[in-house]
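Presented below is the structure to which this report refers.
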Amino acid sequence: MDASDEKLRDFQREKDAAVERADAQELRTFEAEARAERAEDDARGLREKIQQLEYLLEEKQVILAANGKAVQARADRNGGHQLPEEDQPGAVKKFIFAPITIVHTQKHICAIL
Numbered sequence: 542m543d544a545s546d547e548k549l550r551d552f553q554r555e556k557d558a559a560v561e562r563a564d565a566q567e568l569r570t571f572e573a574e575a576r577a578e579r580a581e582d583d584a585r586g587l588r589e590k591i592q593q594l595e596y597l598l599e600e601k602q603v604i605l606a607a608n609g610k611a612v613q614a615r616a617d618r619n620g621g622h623q624l625p626e627e628d629q630p631g632a633v634k635k636f637i638f639a640p641i642t643i644v645h646t647q648k649h650i651c652a653i654l
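Using this note's numbering, the first residue of the sequence shown is number 542, and each one after it goes up by one.
Structural data, given as structure tokens:
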């Protein structure tokens with residue numbers, strides 16, 4: 542009887558170990574699926590962002606091309622004279638705003654009231 546009881550205990554230990562390994566593998570699978578789903582969501586968000594940026598780039602390129610043509614037409618009307626650097630197609634326009642002091646603004650508001 543002792544030998545059969547010992548063999549039964551060995552089988553029970555093997556079964557318990559197999560169940561533990563299966564549970565651990567199931568947990569690893571669940572975690573891997575969750576990571577994969579998060580990665581797919583991130584990839585989907587990045588694809589949408591890329592599409593938005595491509596659309597904006599195309600839109601800006603169309604505007605830039607139209608502005609370049611308008612500047613060139615203006616140069617042609619001026620007898621082909623070279624345009625100032627700031628009017629060249631694709632040039633970055635610089636705007637300078639005068640600072641307004643808080644005291645000046647407060648005086649202006651009081652004058653309105």
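All C-beta atoms, glycine included, are put in the ideal place defined by N, C-alpha and C.
It should be emphasised that the depicted structure is a prediction, and the values quoted were computed from it without experimental measurement.
Inset, instruction - Could you pull the start and end residues of the alpha helix (DSSP H) that N608 belongs to? - result: 543–618
Inset, instruction - Rounded to whole angstroms, what's the CA-CA distance from E600 to N619? Just pull it up for me. - result: 29 Å
Inset, instruction - Answer yes or no: does any C-beta atom of chain D fall closer than 7 Å to that of D617? - result: Of the protein chains in this structure there is only one, and it is not chain D.
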